[in-house]
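*Asks:*
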Amino acid sequence: MRVTPVLATLASASTASAAVMHIAATTLSWNWSVTQWGAGCNDTCTYDFDVAAAGNATSKPPRPSFKAHCSGEGEGAGYTFCKNLAKTETPYHVVAQLLPSNDSSHRPQIQVSLEYTDLESNSTWWNFTGKAEASYNQFSAPLLNFTITPDTLAGVA
Numbered sequence: 000m001r002v003t004p005v006l007a008t009l010a011s012a013s014t015a016s017a018a019v020m021h022i023a024a025t026t027l028s029w030n031w032s033v034t035q036w037g038a039g040c041n042d043t044c045t046y047d048f049d050v051a052a053a054g055n056a057t058s059k060p061p062r063p064s065f066k067a068h069c070s071g072e073g074e075g076a077g078y079t080f081c082k083n084l085a086k087t088e089t090p091y092h093v094v095a096q097l098l099p100s101n102d103s104s105h106r107p108q109i110q111v112s113l114e115y116t117d118l119e120s121n122s123t124w125w126n127f128t129g130k131a132e133a134s135y136n137q138f139s140a141p142l143l144n145f146t147i148t149p150d151t152l153a154g155v156a
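When you number the sequence shown by numbering that gives the first Met the number 0, it's gap-free, plus one each residue, and the end is 156.
(1) Is G37 near Q110, with beta carbons less than 7 Å apart?
(2) Looking at C-beta atoms only, is the number of pairs between the segment 90 to 101 and the segment 135 to 151 that lie closer than 8 Å three or more?
(3) Is the beta carbon of A153 closer than 7 Å to that of N121?
(4) Which value, in whole angstroms, describes the spacing of the CA atoms of A51 and K66?
(5) Who are the Cβ neighbours of Y115 in its own chain at under 7 Å, not counting the five residues just before and after it?
(6) I'd like the span of the beta strand (DSSP E) that includes Q110, first residue to last.
(7) Whose C-alpha, out of W29, T148 and D49, is nearest the C-alpha of K59?
(8) My output table needs one value for T146: the three-state DSSP class, helix, strand or coil.
(9) In this structure, what does DSSP give as the bridge partners for Y46?
(10) Have a look at the DSSP bridge pairing and note the partners of Q66.
(11) Would L84 and H68 qualify as a contact pair, given that the criterion is a beta-carbon distance under 7 Å?
(12) Look at the Cβ atom of T45, then the Cβ atom of E72, and state whether they are nearer than 7 Å.
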């Protein structure tokens with residue numbers, strides 16, 4: 000299932016009473032583990048991987064643990080919902096998209112976004128987004144593991 004940038008709809012639905020917050024994600028240390036990455040191109044480019052991270056209830060904002068399986072196709076296509084693989088402290092959604100290649104090396108960039116309800120206030124939600132460069136390894140190399148560090152953080156209260 001394709002989605003537009005994950006929370007644009009949610010943010011616009013409650014803008015009359017909501018305060019939007021932006022925090023420099025580079026000041027928040029949180030690494031997401033990407034495992035079993037496989038990607039390749041024939042008529043269209045496809046990807047398949049798992050993504051997970053440990054939570055931290057004392058961080059600001061508090062962060063839940065999560066685990067999801069992502070699979071999609073098309074460089075530059077919209078976000079695709081990932082399948083949650085674990086129940087955690089709070090409801091969450093993970094989406095992923097394959098960004099367009101921007102150089103002659105044709106190395107894929109995967110962008111992942113996590114949206115969740117705040118661990119302390121169910122009227123607040125957070126959205127972390129990060130990306131990483133990987134490789135098209137589906138036909139020539141083993142599955143890969145790497146890390147995504149979120150670089151964008153937004154919240155609505």
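Glycine included, each C-beta is placed from N, C-alpha and C at the ideal position.
*Replies:* Straight from the coordinates:
(1) No; because the gap between Cβ atoms is not below 7 Å, this pair is not in contact.
(2) By the Cβ test, the segment 90 to 101 is not in contact with the segment 135 to 151, since fewer than three Cβ pairs between them sit closer than 8 Å.
(3) In this structure, A153 does not lie closer than 7 Å to N121 by Cβ.
(4) In a straight line, the C-alpha of A51 is about 4 Å away from that of K66.
(5) Contacts found: P63, T89, P90, Y91, W124 and W125.
(6) It spans Q108 to T116 - the beta strand (DSSP E) in which Q110 sits, taken as one unbroken run.
(7) For K59, the closest of W29, T148 and D49 by C-alpha to C-alpha distance is W29.
(8) DSSP, read as helix, strand or coil, puts T146 in strand.
(9) BP columns for Y46 point to A38 and G71.
(10) This sequence places Lys at residue 66; Gln is not what is there. Per DSSP, A51.
(11) Taking 7 Å as the Cβ cut-off, L84 and H68 qualify as a contacting pair.
(12) Result yes, Cβ atoms of T45 and E72 sit closer than 7 Å.
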